Amino acid sequence: MRRYLLPDGNFYKANLHCHTNLSDGKKTPEEVKEIYKSLGYSVVAYTDHDILIPHDDLNDEDFLALHGFEMEINAEGPWSSSRKCCHICLIGIDKDNITQPMWHRKYYLFGNAPNSRDKVKFDETLPDYVRKYSSEGITEIMKTAREKGFFVTYNHPTWSLEHYPDYMGYDGMNALEIFNGACNSSGFIEYNPRVYDDMLVGGKKIYCVGGDDNHNYNELGTRRCDSGWAFTVIKAEKLEYNTITKALVNGDFYASEGPEIHELWYEDGKVHIKCSDADTINCTSATRFVKLAMNEDYSPINEATFTVPEDAIYFRITVTDKNGKHACTNAYFLEDLRD
Ligand SMILES: [Zn+2]
Ligand SMILES: [Zn+2]
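Okay, so the sequence shown: first residue is 538 according to the numbering used here, each after it adds one.
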């Protein structure tokens, strides 16, 4: 039976990680909307540091604002450029879910966030939440966020200086940020395929997303502008809050730095992909049976079929274009694809 891994519907280009002048970004939420509309995006998740503020007023026929926020959990000790941290975005799954979980009345407001303190809704019956940088502390944050109805992404492990022993201890995320635009634009190599495979092999059934983490200190059109580097393409029936977030929860999306994936399906032990002009397409399955599709004459390739090894636990596909930009599908676990 043919199983479409990106279901019926429309493709919506999304930035799931964004900052405005409500925290430490430069542009207003409206200006960010205009930047992303001009780049062909339909969805922006506003994830300013530490403050959950809805932006429904920005919605129009072609644009949807999701509400969320980014939490930073810093290792103990004074700030230094080598101090580790963990950053997590929480995106509200229900459009009416605007109560900020894990609120602290005094701490953790970053950049301009203190100016918005009074706009934040939180459960006043709960004690102030103290963030702890440890496997247990971060797992508790991820799990609490999930219980409270948020889609949770684990962000930019390279920038955060986190390694295998750190991220393998974190449970409860929905997705890893496999691309992060702001980190890439400032010199980090924030393309994290190995981190993703480590987590998948280690038993974490998670998705991968791309986000800009834009702060817009450099103007659009300049080379160092951090808008437009990395995105997530969501497939959904319509551009409506809960429909889009349901597609996120279901994994109906792929992450990209540029290439587009048009079709993806699994049938009789084989996975098929159709995409925009690619230099190579490869299928990874955490076995030594990696498959690479390319044309011998270096002409663009637009589709490929891979036999998935029977002993694979999962597979995922990476499309690479001639500029070295990637698109990554989510990982698909064979146990979920059996008829
Ligand atoms: Zn961050
Ligand atoms: Zn950020």
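Glycine included, every Cβ here is placed at the ideal spot set by N, Cα and C.
All figures in this text were calculated on a predicted structure; none of them were measured in a lab.
Q | Contacting residues, own chain, Cβ-Cβ under 8 Å from tyrosine 869 (five flanking each side not counted) | A | Around tyrosine 869, the same chain offers Leu542, Tyr803, Val808, Tyr851, Phe852 and Arg853 as residues with beta carbons nearer than 8 Å, after the five sequence neighbours per side are excluded.
Q: Name the one or two DSSP bridge partners that alanine 830 has.
A: For alanine 830, the beta-bridge partners assigned by DSSP are Ile818.
**Q.** Start-to-end residues for the alpha helix (DSSP H) that takes in glutamate 800
**A.** Not the alpha helix (DSSP H): glutamate 800 falls in the beta strand (DSSP E), residues 798–804.
(Q) Using a Cβ distance threshold of 8 Å, determine whether the region 764–772 contacts the region 712–719, with at least three qualifying pairs required. (A) A contact between stretches requires three or more CB pairs, one per stretch, nearer than 8 Å, and the region 764–772 meets this requirement with the region 712–719.
**Q.** Sheet register partners of glycine 747 (DSSP bridge)
**A.** As a beta-bridge residue in DSSP terms, glycine 747 pairs with Phe716.
Q. Identify the residues that DSSP records as bridge partners of isoleucine 610: which are they?
A. Isoleucine 610 is bridged to Cys623.
**Q.** Where the beta strand (DSSP E) containing alanine 841 begins and where it ends
**A.** Unbroken beta strand (DSSP E) run through alanine 841: 838–844.
Q. Using DSSP with H/G/I as helix, E/B as strand and the rest coil, what is alanine 682?
A. In the structure shown, alanine 682 sits in a helix (DSSP, three-state: H, G or I).
Q) When the Cα atoms are used, what is the spatial distance from threonine 842 to alanine 792? A) A straight-line Cα-Cα distance of about 20 Å links threonine 842 and alanine 792.
Q) Straight-line CA distance for threonine 681 to glutamate 609? A) The straight-line gap separating the alpha-carbon atoms of threonine 681 and glutamate 609 is approximately 15 Å.
Q. Taking histidine 822 as the reference, which of Glu673, Asn832, Met639 and Asp848 has the closest Cα?
A. Correcting the residue type first, residue 822 is serine in the shown sequence and not histidine. Checking every option, the nearest Cα to that of serine 822 belongs to Asp848.
Q) tyrosine 701 by DSSP, collapsed to three states: which one? A) Tyrosine 701 falls in the helix class under three-state DSSP.
Q: State the Cα-Cα distance for the pair lysine 643 and glutamate 567, rounded to the nearest angstrom.
A: If you take the alpha carbons of lysine 643 and glutamate 567, they lie about 28 Å apart.
Q | Cβ shell of asparagine 832 (< 6 Å), same chain only, five flanking positions each side left out | A | Counting only Cβ-Cβ distances below 6 Å, and skipping sequence neighbours, we find Ile838.
Q: In angstroms with no decimal places, state the Cα-to-Cα distance between lysine 621 and tryptophan 696.
A: Between lysine 621 and tryptophan 696, the C-alpha separation is close to 9 Å.
Q | Inter-residue spacing [alpha-carbon to alpha-carbon] between glutamate 684 and tyrosine 733 | A | Roughly 23 Å between the two C-alpha positions.
Q | Three-state secondary structure (DSSP) of glycine 674 | A | Per DSSP, reduced to three states, the secondary structure at glycine 674 is helical.
Q.
Between which two residues does the beta strand (DSSP E) holding tyrosine 583 run?
A. Taken as a continuous stretch (DSSP letters only), the beta strand (DSSP E) holding tyrosine 583 covers 580–583.
(Q) Any contact between the region 566–585 and the region 594–604? By contact I mean 3 or more CB pairs, one from each, below 8 Å. (A) Under the 8 Å Cβ criterion, the region 566–585 counts as touching the region 594–604, having at least three qualifying pairs.
Q) Can we say the region 653–670 touches the region 742–753, given the rule of at least three CB pairs closer than 8 Å? A) With the cut-off at 8 Å, the region 653–670 and the region 742–753 do not touch.
Q: Look up aspartate 633 in the DSSP assignment and say whether it is helix, strand or coil.
A: Judged by DSSP in its simplified three-state form, aspartate 633 adopts coil rather than helix or strand.
Q: Specify the secondary structure class of alanine 602 as computed by DSSP and reduced to three states.
A: If DSSP states are grouped into helix, strand and coil, alanine 602 belongs with the strands.
Q: Can you list the residues near ligand 2, meaning Cβ strictly closer than 5 Å to any non-hydrogen atom, in the order they appear in the chain?
A: Residues lining ligand 2 by the Cβ criterion, that is a Cβ closer than 5 Å to any of its heavy atoms, are Glu607 and Asp750 in chain order.
(Q) Judging by CA-CA distance, which residue of Val738, Thr759 and Thr866 is the nearest neighbour of phenylalanine 790? (A) Phenylalanine 790 has its Cα closest to that of Thr866, out of Val738, Thr759 and Thr866.
Q: Just mark valine 569 as buried or exposed, buried being the case when its beta carbon has 16 or more other beta carbons within 10 Å.
A: So valine 569 ends up on the buried side.
Q. What do you reckon, are the CB atoms on glutamate 727 and tyrosine 670 nearer than 8 Å?
A. It is not a contact, given that the beta carbons lie outside the stated cut-off.
Q: Alpha carbon to alpha carbon, how far is glycine 758 from glutamate 575? Give it in angstroms, no decimals.
A: At residue 575 the sequence reads serine, which differs from the glutamate that was named. CA-CA distance, serine 575 to glycine 758, rounds to 11 Å.
Q) Should asparagine 692 be listed as close to ligand 1, given that the test is whether its C-beta is under 7 Å from any heavy atom? A) Yes; taking the cut-off as 7 Å, the Cβ of asparagine 692 has a heavy atom of ligand 1 nearer than that.
Q | alanine 551: first and last residue of the uninterrupted beta strand (DSSP E) it sits in | A | Note, alanine 551: beta strand (DSSP E), 547–552.
Q. Should leucine 829 go down as buried or exposed, given a rule of 16 or more other Cβ atoms within 10 Å for buried?
A. Exposed, by the Cβ-count rule.
Q. Among all the DSSP beta bridges, which residues are the ones paired with alanine 784?
A. Listed as beta-bridge partners of alanine 784 by DSSP are no residues whatsoever.
Q) Count the other CB atoms within 10 Å of the CB of aspartate 631; is the residue buried (16 or more) or exposed (fewer)? A) Result: exposed.
**Q.** Residue ranges of each alpha helix (DSSP H) within the region 716–741, 4 or longer
**A.** Within the region 716–741, the complete alpha helix (DSSP H) runs of at least 4 residues are 718–722 and 730–738.
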